[in-house]
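Peer 1: Start counting the sequence shown at 15; every next residue gets the next number (my numbering).
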Amino acid sequence: MLSYRHSFHAGNFADVLKHIVQMLIIESLQQKDKGFYYLDTHAGVGHYRLFGNEAEKTGEYKEGIGRLWDQTEMPEEVARYVALIKKLNYGGKSLRYYAGSPLIAAHLLRPQDRALLTELHPADFPLLRNNFKEFDNVTTKRDNGFQQIKATLPPKERRGLILIDPPYELKEDYDLVVKAIEEGVKRFATGIYAIWYPVVLRQQAKRIVKGLENTGIRKILQIEMAVRPDSDQRGMTASGMIVVNPPWQLEAQMKKILPYLTKTLVPEGTGSWKVEWITPE
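1) List the endpoints of the continuous alpha helix (DSSP H) containing Ile99.
2) When you compare only the Cα positions, how much space is there between Val59 and His23?
3) Mapping DSSP to helix, strand and coil, what is Gln263?
4) Once the 5 residues before and after His33 are set aside, which same chain residues still bring their CB inside 7 angstroms of it?
5) Which residue wins for smallest C-alpha separation from Arg153, given the options Gly174, Lys233, Leu131?
6) Could you please give the first and the last residue of the uninterrupted beta strand (DSSP E) stretch that includes Arg242?
7) Under 6 angstroms Cβ to Cβ from Trp287, same chain only, skipping five residues before and after it: list those, please.
8) Can you tell me the Cβ-Cβ gap for Leu64 and Tyr51, rounded? I've got them flagged as a contact below 8 angstroms.
9) Buried or exposed: Asp127, going by 16 or more other Cβ atoms within 10 Å of its Cβ?
10) Measuring only the C-alpha atoms, how far is Val289 from Gly80?
11) In this structure, how does DSSP classify Gln162 when only helix, strand and coil are distinguished?
12) Have a look at Gly25, Ala57, Pro89, Leu141 and flag the residue whose alpha-carbon is nearest the alpha-carbon of Leu109.
13) So what's Leu226 in DSSP terms, helix, strand or just coil?
14) What are the boundary residues of the alpha helix (DSSP H) that Gly198 is part of?
15) Count the other CB atoms within 10 Å of the CB of Thr251; is the residue buried (16 or more) or exposed (fewer)?
16) Please determine, among Val30, Ala28, Gly230, Val35, the residue with the shortest C-alpha to C-alpha distance to Gln267.
17) Looking at the structure shown, is Glu41 part of a helix, part of a strand, or coil, going by DSSP?
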């Protein structure tokens, strides 16, 4: 338990998809002047060195953000995401750092917005706390992020994004995310909830979809990108984001972006994508 370290996987194809969706949701919340609340339930450390031992060991970022780094023609939404990562690399001359979801959020937040970042890993939390000590509207906490859904919702702002991104080391994580959504919607029905999920075994990902269908919650959108067909062999073949109460434009944005991402990140031609409603409005 608690052995997963995101530093081995930072900047991979799954991160690219997750962070573009995250960015688009935050941008939609910023269309109103009123502040919003951002909760990151499994924050990690928030900032990763791609020249570190962990990232270099797997090299996954080379087939993720690495394939977008020098592209000159891309959808405007993807260009904004790449520009954000380049900003964190001191102008983007070389790709040395990657932002986790907490850092992406922190750089997008306005003064009237606030964030809570939670992380339970004993080695990662001190790094997380140190990385965000200079952000006035960001709080870090060593805790089980699922508990913070109960503890902090509804937020005083009555607007917000809850990003749920567990490591899925434990099989029960697939059920816990469904329970977390149920708990959250009960407390904060108008909040936006975004679940990241891996596809290692398709049946496990289907558990989340089936579980959410059984809740009776409406307006749930599934966004997924695969780098190769489903397999019973070891390794992640696809990943996705499930969004409850997605911004109205997100479906169309992702249908425009995903053909480009699939072609660029999976030049071998083995990739695929989908954007579909688990439950409509």
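Backbone N, C-alpha and C define an ideal beta-carbon position, used for all residues, glycine too.
Peer 2: This is what the structure holds:
1) Residues 90 to 101.
2) About 13 angstroms.
3) Residue state for Gln263 is assigned as coil, using DSSP reduced to three classes.
4) Beyond the five residues adjoining it in sequence on each side, His33 comes within less than 7 angstroms, by CB distance, of Tyr95, Ser115, Ile118 in the same chain, given in chain order.
5) Correcting the residue type first, residue 153 is Thr in the shown sequence and not Arg. Scanning Gly174, Lys233, Leu131 for the CA closest to the CA of Thr153 turns up Leu131.
6) Judged by DSSP secondary structure, Arg242 falls outside any beta strand (DSSP E); it is assigned neither H nor E.
7) The residues are Met239, Leu272, Thr276.
8) Contact between Leu64 and Tyr51 is ruled out by a C-beta separation of about 30 angstroms, above the 8 angstroms threshold.
9) By the neighbour-count criterion, in which 16 or more other beta carbons inside 10 Å mark a residue as buried, Asp127 falls on the buried side.
10) When rounded, the distance between both Cα atoms is 24 angstroms.
11) Secondary structure at Gln162: helix, using DSSP grouped into helix, strand and coil.
12) It is Gly25 whose Cα lies nearest to the Cα of Leu109.
13) Helix at Leu226.
14) Gly198 -> alpha helix (DSSP H) spans 187 to 201.
15) Buried: at least 16 other Cβ atoms inside 10 Å.
16) The shortest C-alpha separation from Gln267 is found at Val35.
17) DSSP places Glu41 in the helix class (H, G or I) of the three-state scheme.
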